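Chemist: Below: one structure in structure tokens.
Residue numbers (UniProt numbering): 1 to 237.
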């Protein structure tokens with residue numbers, strides 16, 4: 001049946017089979033639709049031109065955000081001094097980009113990317129660097145969410161903890177009315193820390209959880225659902 005279709009419908013059907021819509025980033029899918037539309041009979045050249053212009057202008061916004069985040073991450077990683085953590089800032093940007101690509105979600109994308117960086121640092125610290133006692137102390141400090149909780153931490157984690165609090169505080173200052181979204185993100189981050197503490201405890205005790213227990217915990221420790229939901233509808237200023 002596909003062989004009997006004419007262009008551009010044939011290309012559209014082929015793409016749908018190769019990349020199902022539920023697995024497609026909307027903004028990337030737009031490129032294919034623009035390309036297909038220009039080959040349709042009776043297409044509107046003015047509409048096509050404005051669509052391309054809109055896409056390029058918004059892409060410029062995204063590139064400016066990535067430029068800022070790349071500079072921020074260089075300064076951030078250098079300041080906290082945790083040389084064992086992975087640099088995931090660009091990868092982290094694609095998570096909010098896939099969900100909120102519109103221009104008015106700039107603050108959401110920037111904060112969510114910073115949140116992804118923080119989550120990666122938690123994972124790398126809990127899983128491969130810190131002792132179990134250091135993991136417990138860092139999680140306790142995160143649950144307290146207080147600058148005075150730095151007294152619980154080893155020296156090498158104090159800057160990270162202070163910057164963690166500062167990033168969330170800056171987000172609260174930037175949010176427009178809906179500051180509860182930032183509070184929800186903080187609660188999600190605290191839960192994320194607790195889940196990874198549990199995984200660290202299992203590893204420390206050489207405990208082999210049942211498949212059901214492992215699946216239940218790992219489904220929560222991946223960490224994306226809570227923060228994404230917390231930013232549903234938050235535009236910022």
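Ideal Cβ positions, reconstructed from N, Cα and C, are used throughout, including at glycine. Just so it is clear, the structure is predicted and the values come from calculations on it, not from any experiment.
I believe residue 86 touches residue 120 by the beta-carbon criterion, under 8 Å. Please report the beta-carbon distance rounded to the nearest angstrom.
Modeler: If you number the chain shown from 1, residue 86 lands on position 86. If you number the chain shown from 1, residue 120 lands on position 120. Right, the Cβ-Cβ distance comes to about 6 Å (below 8 Å), so this counts as a contact.
Chemist: What is the DSSP secondary structure of residue 129, reduced to helix, strand or coil?
Modeler: Mapped onto the chain shown, residue 129 falls at position 129. The answer is coil: DSSP assigns residue 129 none of H, G, I, E or B.
Chemist: Roughly how many whole angstroms lie between the Cα atoms of residue 220 and residue 191?
Modeler: For the purposes of this step, residue 220 is taken as residue 220 along the chain shown, with counting starting at 1. For the purposes of this step, residue 191 is taken as residue 191 along the chain shown, with counting starting at 1. Roughly 9 Å separates the two Cα atoms.
Chemist: Which residues bound the alpha helix (DSSP H) around residue 67?
Modeler: Working through the chain shown from its first residue, we reach residue 67 at position 67. Start and end: 45–80.
Chemist: Among the candidates 170, 211, 165 and 209, whose CA atom is the shortest distance from the CA of residue 189?
Modeler: Taking the first residue of the chain shown as 1, we reach residue 189 at position 189. It is 165 whose Cα lies nearest to the Cα of residue 189.
Chemist: Taking the straight line between their C-alpha atoms, what separation do you get for residue 10 and residue 36?
Modeler: The count along the chain shown starts at 1 and reaches residue 10 at position 10. The count along the chain shown starts at 1 and reaches residue 36 at position 36. Between residue 10 and residue 36, the C-alpha separation is close to 10 Å.
Chemist: Would you kindly work out how many angstroms separate the C-alpha atoms of residue 16 and residue 33, rounded to a whole number?
Modeler: Numbered from 1 along the chain shown, position 16 holds the residue referred to as residue 16. Numbered from 1 along the chain shown, position 33 holds the residue referred to as residue 33. Cα to Cα, the separation comes out at about 12 Å.
Chemist: Put residue 41 into one of helix, strand or coil per three-state DSSP.
Modeler: One-based indexing of the chain shown puts residue 41 at position 41. If DSSP states are grouped into helix, strand and coil, residue 41 belongs with coil.
Chemist: Between the C-alpha atoms of residue 161 and residue 133, what's the straight-line distance to the nearest angstrom?
Modeler: The residue labelled residue 161 in the question sits at position 161 within the chain shown. The residue labelled residue 133 in the question sits at position 133 within the chain shown. Roughly 16 Å separates the two Cα atoms.
Chemist: Tell whether a beta-carbon distance below 8 Å holds between residue 97 and residue 69.
Modeler: Here residue 97 refers to the residue found at position 97 when the chain shown is read from its first residue. Here residue 69 refers to the residue found at position 69 when the chain shown is read from its first residue. No, they are not a contact pair.
Chemist: Considering only residues of the same chain and omitting the five flanking positions on each side of residue 38, which have a CB-CB separation below 8 Å?
Modeler: Working through the chain shown from its first residue, we reach residue 38 at position 38. Closer than 8 Å at Cβ, skipping near neighbours: 48.
Chemist: Using beta-carbon positions only, say whether residue 100 and residue 197 come within less than 8 Å of one another.
Modeler: Counted from its first residue, the chain shown places residue 100 at position 100. Counted from its first residue, the chain shown places residue 197 at position 197. No. Outside cutoff.
Chemist: Taking Cβ to Cβ, would you say residue 153 is nearer than 8 Å to residue 137?
Modeler: Residue numbering aside, residue 153 sits at position 153 when the chain shown is read from its first letter. Residue numbering aside, residue 137 sits at position 137 when the chain shown is read from its first letter. Yes, the Cβ-Cβ distance between residue 153 and residue 137 is below 8 Å.
Chemist: What is the C-beta distance between residue 163 and residue 80, in whole angstroms, given that I count them as a contact (C-beta under 8 Å)?
Modeler: Numbered from 1 along the chain shown, position 163 holds the residue referred to as residue 163. Numbered from 1 along the chain shown, position 80 holds the residue referred to as residue 80. Between residue 80 and residue 163 the Cβ distance is about 6 Å, and since that is below 8 Å, they are a contact.
Chemist: Near residue 26, which residues of its chain fall below 7 Å by C-beta distance, leaving aside the five closest residues on each side in sequence?
Modeler: By one-based count along the chain shown, residue 26 stands at place 26. Here the set comprises 101.
Chemist: Would you mind stating whether residue 199 and residue 217 have Cβ atoms separated by less than 8 Å?
Modeler: By one-based count along the chain shown, residue 199 stands at place 199. By one-based count along the chain shown, residue 217 stands at place 217. Yes, the pair counts as a contact, with Cβ atoms nearer than the cut-off.
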